[in-house]
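A.B. asks: Using the working numbering, you'd call the opening residue of the first sequence number 73 and step up by one each time.
Positions of the beta carbon are idealized from the N, C-alpha and C atoms, including for glycine.
If you're wondering where the values come from, they're calculated on a predicted model, not measured in any experiment.
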Amino acid sequence: MMHAPLSRSFYKQDLHVLATRLLGCLIIRILDDGRQLSARIVEVEAYAQKDDPSAHSFNGQTPRNKVMFGAPGHLYVYFTYGMHFCCNVVAGEIGQGDAVLIRAVEPVDGIEDMLVHRYGEVTSDKKKISNVTNGPAKLCKALKINRSENGIDLCENKIWIEAGDKLAENMIGHSTRIGINHGKDLPWRYFIKDNSWVSKSGKGITYVG
DNA sequence: CGTGAGATTTCCT
DNA sequence: GGAAATCTCACGT
73 MMHAPLSRSF YKQDLHVLAT RLLGCLIIRI LDDGRQLSAR IVEVEAYAQK
123 DDPSAHSFNG QTPRNKVMFG APGHLYVYFT YGMHFCCNVV AGEIGQGDAV
173 LIRAVEPVDG IEDMLVHRYG EVTSDKKKIS NVTNGPAKLC KALKINRSEN
223 GIDLCENKIW IEAGDKLAEN MIGHSTRIGI NHGKDLPWRY FIKDNSWVSK
273 SGKGITYVG
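Set out below in structure tokens:
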């Protein structure tokens with residue numbers, strides 16, 4: 073089985089450089105039974121410890137956000153709204169507290185498993201298929217990422233990220249972030265333009281460029 | 001298609 | 001005690 077994870081140094085890059093370079097990359101997930109799922113990252117958001125009041129790390133380290141302050145290249149999974157998990161890639165240096173939220177992915181391999189995780193069964197319903205991974209909590213459910221995946225090292229072999237096709241600069245869109253109440257003006261959401269798996273739930277977001 | 005409410009638990013003030 | 005980096009369903013146009 074292929075295992076070509078991006079290295080630790082990739083994750084040490086500047087938050088925003090890392091966020092845009094994650095677009096187009098493949099996230100690979102090995103399930104407990106050994107089956108492999110893969111999906112292309114099409115939408116992300118950057119969260120910075122410094123000057124970003126919407127980042128979980130903004131007010132300093134707590135038990136919940138401690139993974140954000142650890143080594144880069146680890147997965148920070150948080151639980152929210154009483155029922156959802158979302159996952160982030162820890163960026164920068166140890167102690168920096170920056171992370172990239174993965175907001176949407178495009179299924180590549182194992183879409184039937186993803187459908188089962190999301191809906192309890194394989195379906196041919198077009199609407200359900202198009203909604204299987206186009207949101208941060210949706211993709212976590214599809215890839216079976218939850219509390220026990222918090223803190224996983226992406227440089228090991230349970231969940232990792234591989235380089236994808238290189239994207240031209242003009243294929244990347246920018247906007248303000250979705251679903252936050254502070255830092256609304258920061259254009260820190262990045263996505264692949266014209267990709268149908270990008271989430272469309274954003275209200276009141278502002279596009280740049 | 002757009003808007004709005006409810007779900008349901010964890011974390012931090 | 002209140003807010004939360006969300007999702008789904010119901011209802012109105």
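Assuming E117 contacts R261 under a Cβ cut-off of 8 Å, what Cβ separation, rounded to an integer in Å, is found between them?
C.D. replies: On the first sequence, position 45 is the one that residue 117 refers to. On the first sequence, position 189 is the one that residue 261 refers to. Right, the Cβ-Cβ distance comes to about 5 Å (below 8 Å), so this counts as a contact.
A.B. asks: Quick check on DSSP: helix, strand or coil for D185?
C.D. replies: By 1-based counting over the first sequence, the position of residue 185 is 113. DSSP places D185 in helix when its eight states are reduced to three.
A.B. asks: With the cut-off set at 8 Å, would you say V114 and A176 are in Cβ contact?
C.D. replies: Translated into the one-based positions of the first sequence, residue 114 becomes position 42. Translated into the one-based positions of the first sequence, residue 176 becomes position 104. Yes.
A.B. asks: Give the list of continuous alpha helix (DSSP H) stretches no shorter than 4 residues that lie fully inside the region 187-264.
C.D. replies: 198-202 and 208-214
A.B. asks: Please report how far the alpha carbon of A143 lies from the alpha carbon of G167, in whole angstroms.
C.D. replies: Position 71 of the first sequence holds residue 143. Position 95 of the first sequence holds residue 167. Using only the alpha carbons, I get a separation of about 7 Å.
A.B. asks: Within its chain, find whatever has a CB closer than 7 Å to the CB of G236; leave out the 5 residues flanking it on each side and keep chain order.
C.D. replies: Looking up residue 236 in the first sequence gives position 164. Taken in chain order, the residues that qualify are G96, C97, L98 and R112.
A.B. asks: Tell me the residue span of the beta strand (DSSP E) that contains S126.
C.D. replies: Numbered from its first residue, the first sequence carries residue 126 at position 54. It is not in any beta strand (DSSP E) - S126 carries neither H nor E in the DSSP assignment.
A.B. asks: What does DSSP give as the partner residues of F151 in its beta bridges?
C.D. replies: Here residue 151 is taken as the residue at index 79 of the first sequence, counted from 1. DSSP links F151 through a beta bridge to F157.
A.B. asks: Can you grab the Cα-Cα spacing for the pair Y153 / E234, in whole Å?
C.D. replies: Your numbering for residue 153 matches position 81 in the first sequence. Your numbering for residue 234 matches position 162 in the first sequence. Approximately 30 Å between the Cα atoms of the pair.
A.B. asks: Which residues bound the beta strand (DSSP E) around V116?
C.D. replies: Indexing the first sequence from 1 puts residue 116 at position 44. Taken as a continuous stretch (DSSP letters only), the beta strand (DSSP E) holding V116 covers Q108 to Y119.
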